[in-house]
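In UniProt numbering, the protein residues as written are 1 to 347. Glycine included, every Cβ here is placed at the ideal spot set by N, Cα and C. Quantities reported herein were computed from a predicted structural model and do not represent experimental measurements. Written below as structure tokens is the structure these notes are about.
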């Protein structure tokens, strides 16, 4: 079977109930740009870029792991990513899907590409924090960020498969989602990998890679991604992992966040998982310089100052217990809801 190319639009593809081919999509794109709503204009821009005859597209990173930057991505790599997603999640032509992510970023662009390449029936709504409000449609496949999933708990029973990306799924949200009949996955990826290269079914610990992807790690125990159909170069990340095998890994935390306190290396994300069920507000573990310890452990909590009981830290070892609690009224975050730790602390 021949692999589709970026010039193909699947004959089963629908947008908001209408069968559209390449020429139709270009006409739709022009009308979105000229008279569309604010959220439709980036869709128009993307569709025109997609069909402009070039073999690449430029897109922005969200800036959660550094300065936002422009990356050049091959369109065929995006097609290959869409096919891998289709195979991994067993998506079939004619399946219904919801597009509720901003098309300015890679995750929103890829939902459109998946629909055009795999022949999905795509319902397209304005990106909002309550994307399924007043929705009566049953969907086979939906992608959301954690905040959207949190606000759609009641409606998610109408979704067969949900993928959540852009930021980590916290323990409280995971507990609520596991009660639903929906199959829910947390995805792992970045702009450079054209959205996800792996997914973790909620309730399981390890991420499993998509077809044609293998993983290893470097001497820092950071994940190295081999995805030749998506990136010609091997991608080395700053994510510390425990490797289960070349197809599965457990995410531990980011190497940039590691804290050295009194000679002991601590991974904030691991401590956060231990505290996740005890603190209802958003929070993260950080540090500040300390003469004696080098770095002093901090618990940073979003919201007004309050008293926590001592058993909050009962599950932490002696050296894992924060030395101080800092309250910040509102965390700084990326458009996908990922907390910007350094910027929040600097504020």
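On a Cα-Cα basis, can you pick out the residue from the options that is closest to residue i?
{"i": "residue 348", "options": "242, 326 and 336", "result": "Because the chain in this structure spans residues 1 to 347, residue 348 falls outside the shown range and cannot be described."}
{"i": "residue 194", "options": "83, 312 and 31", "result": "83"}
{"i": "residue 291", "options": "315, 262, 312 and 307", "result": "262"}
{"i": "residue 402", "options": "96, 13, 9 and 212", "result": "Nothing about residue 402 can be read from this structure; the chain reaches only from 1 to 347."}
{"i": "residue 201", "options": "157, 48, 221 and 175", "result": "175"}
{"i": "residue 7", "options": "74, 38, 61 and 16", "result": "74"}
{"i": "residue 330", "options": "252, 281, 165 and 23", "result": "281"}
{"i": "residue 310", "options": "303, 297 and 325", "result": "325"}
{"i": "residue 81", "options": "92, 54, 61 and 111", "result": "111"}
{"i": "residue 90", "options": "120, 170 and 99", "result": "120"}
{"i": "residue 342", "options": "287, 248 and 13", "result": "287"}
{"i": "residue 4", "options": "313, 253, 27 and 79", "result": "79"}
{"i": "residue 100", "options": "76, 77, 118 and 145", "result": "145"}
{"i": "residue 260", "options": "235, 298 and 303", "result": "298"}
{"i": "residue 285", "options": "268, 318 and 169", "result": "268"}
{"i": "residue 59", "options": "102, 28 and 40", "result": "102"}
{"i": "residue 220", "options": "240, 226 and 139", "result": "240"}
So the alpha helix (DSSP H) residue i belongs to, where does it begin and stop?
{"i": "residue 362", "result": "Outside the shown range of the chain, which is 1 to 347, sits residue 362, and nothing can be said about it."}
{"i": "residue 86", "result": "75–88"}
{"i": "residue 175", "result": "171–178"}
{"i": "residue 220", "result": "Looking at the DSSP string, residue 220 is not in any alpha helix (DSSP H), and its letter there is neither H nor E."}
{"i": "residue 344", "result": "341–346"}
{"i": "residue 205", "result": "No alpha helix (DSSP H) contains residue 205, which DSSP labels as neither H nor E."}
{"i": "residue 147", "result": "146–150"}
On the CB-based measure, 16 or more other CB atoms within 10 Å of its CB, does residue i come out buried or exposed?
{"i": "residue 196", "result": "buried"}
{"i": "residue 189", "result": "buried"}
{"i": "residue 152", "result": "buried"}
{"i": "residue 141", "result": "buried"}
{"i": "residue 137", "result": "exposed"}
{"i": "residue 34", "result": "exposed"}
{"i": "residue 106", "result": "buried"}
{"i": "residue 257", "result": "buried"}
{"i": "residue 95", "result": "buried"}
{"i": "residue 115", "result": "buried"}
{"i": "residue 272", "result": "buried"}
{"i": "residue 178", "result": "exposed"}
{"i": "residue 93", "result": "exposed"}
{"i": "residue 314", "result": "exposed"}
{"i": "residue 185", "result": "buried"}
{"i": "residue 31", "result": "exposed"}
{"i": "residue 148", "result": "buried"}
{"i": "residue 231", "result": "buried"}
{"i": "residue 53", "result": "exposed"}
{"i": "residue 77", "result": "buried"}
{"i": "residue 300", "result": "buried"}
{"i": "residue 157", "result": "exposed"}
{"i": "residue 349", "result": "This structure does not reach residue 349, given that the chain is present from 1 up to 347, and the question cannot be answered."}
Under the DSSP definition of a beta bridge, which residues are partnered with residue i?
{"i": "residue 14", "result": "19 and 121"}
{"i": "residue 304", "result": "For residue 304, which the question treats as bridged, DSSP gives no partner whatsoever."}
{"i": "residue 105", "result": "BP columns for residue 105 are empty, so no partner."}
{"i": "residue 241", "result": "251"}
{"i": "residue 141", "result": "97 and 161"}
{"i": "residue 200", "result": "186"}
{"i": "residue 290", "result": "294"}
{"i": "residue 70", "result": "60"}
{"i": "residue 283", "result": "301"}
{"i": "residue 225", "result": "215 and 235"}
{"i": "residue 195", "result": "190"}
{"i": "residue 333", "result": "339"}
{"i": "residue 209", "result": "198"}
So residue i and residue j are in contact, right, with Cβ under 8 angstroms, and what is the actual spacing, rounded?
{"i": "residue 25", "j": "residue 46", "result": "With 8 angstroms as the limit, residue 25 and residue 46 do not qualify as a contact, their Cβ atoms being about 10 angstroms apart."}
{"i": "residue 223", "j": "residue 237", "result": "5 angstroms"}
{"i": "residue 173", "j": "residue 150", "result": "6 angstroms"}
{"i": "residue 180", "j": "residue 198", "result": "Between residue 198 and residue 180 the Cβ distance is about 22 angstroms, and since that is not below 8 angstroms, they are no contact."}
{"i": "residue 56", "j": "residue 72", "result": "5 angstroms"}
{"i": "residue 123", "j": "residue 2", "result": "About 29 angstroms separates the two Cβ atoms, so there is no contact after all."}
{"i": "residue 191", "j": "residue 160", "result": "With a Cβ gap of about 27 angstroms, residue 191 and residue 160 do not count as contacting."}
Between which two residues does the beta strand (DSSP E) containing residue i stretch?
{"i": "residue 43", "result": "Per DSSP, residue 43 belongs to no beta strand (DSSP E); it is in the alpha helix (DSSP H), 41–50."}
{"i": "residue 182", "result": "First-last for residue 182: undefined, no H or E at that position."}
{"i": "residue 324", "result": "324–328"}
{"i": "residue 58", "result": "56–60"}
{"i": "residue 266", "result": "264–266"}
{"i": "residue 259", "result": "259–261"}
Would you say residue i reaches chain B, if we count a Cβ-Cβ gap shorter than 9 angstroms as a contact?
{"i": "residue 260", "result": "The chain labelled as chain B is not found in the depicted structure, where only one protein chain is given."}
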